[in-house]
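Enquirer: Just passing along the structure, written as structure tokens.
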Amino acid sequence: MAGFTATQIASISIDTLAGFTATQIAALSVETVAGFTATQVASLSVEAVGSLTTTQVAALSVETVAGFTATQIASLSVATVAGFAATQIAALSVERRHKSRRFPSRR
């Protein structure tokens, strides 16, 4: 897994990427993870998304972060969520932020 480039990751079909395990995703370099698209991120299992590290999350583009589902976001550890930049958090839909236990509403 560590040998993939960002360009190679970006060209992998969502069906193939959906089969990646948490261990495989965690083994990807930060540079490789930066190649994910929003559609690809949305296709990852909750377990695979939950294995992302703080530095991997920080490398994702704003457009890619917008692909996360509320369930996927909820699977991230508190430490990993801390890796999100303000611009990445802003890319998440209001619905996703409110459904996630990591991003409670400000009522």
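Residue numbering for the sequence shown is 309 to 415, as defined by our numbering. Think of the CB as a built atom: it goes at the ideal place given N, C-alpha and C, for glycine as much as any other residue.
(1) Helix, strand or coil: which one does DSSP assign to Gly-358?
(2) With a threshold of 9 Å between beta-carbons, can Ala-387 be considered close to chain D, or not?
(3) From what residue to what residue does the alpha helix (DSSP H) around Ala-350 run?
(4) Let me check understanding here. Comparing Cα to Cα, which of Thr-345, Ser-385, Thr-377 lies closest to Thr-363?
(5) With the cut-off set at 9 Å, would you say Ser-371 and Thr-388 are in Cβ contact?
(6) For the alpha helix (DSSP H) containing Leu-325, list its first residue and its last residue.
(7) Ignore the nearest five residues each way along the sequence and tell me which others in Val-357's own chain have a CB closer than 6 Å to its CB.
(8) Output yes or no for whether 9 Å exceeds the beta carbon distance between Thr-361 and Ala-334.
(9) How about Phe-312 and Gly-343: do their beta carbons lie closer than 9 Å?
Expert: Reading from the atomic positions:
(1) Correct three-state label for Gly-358: helix.
(2) Included in the structure is just one protein chain, with no chain D present.
(3) Per DSSP, Ala-350 belongs to the alpha helix (DSSP H) from 346-351.
(4) Ser-385
(5) Residue identity differs from the one stated: residue 371 is Glu in this sequence, not Ser. Cβ atoms of Glu-371 and Thr-388: not closer than 9 Å.
(6) 322-325
(7) Gln-380, Ser-383
(8) yes
(9) yes
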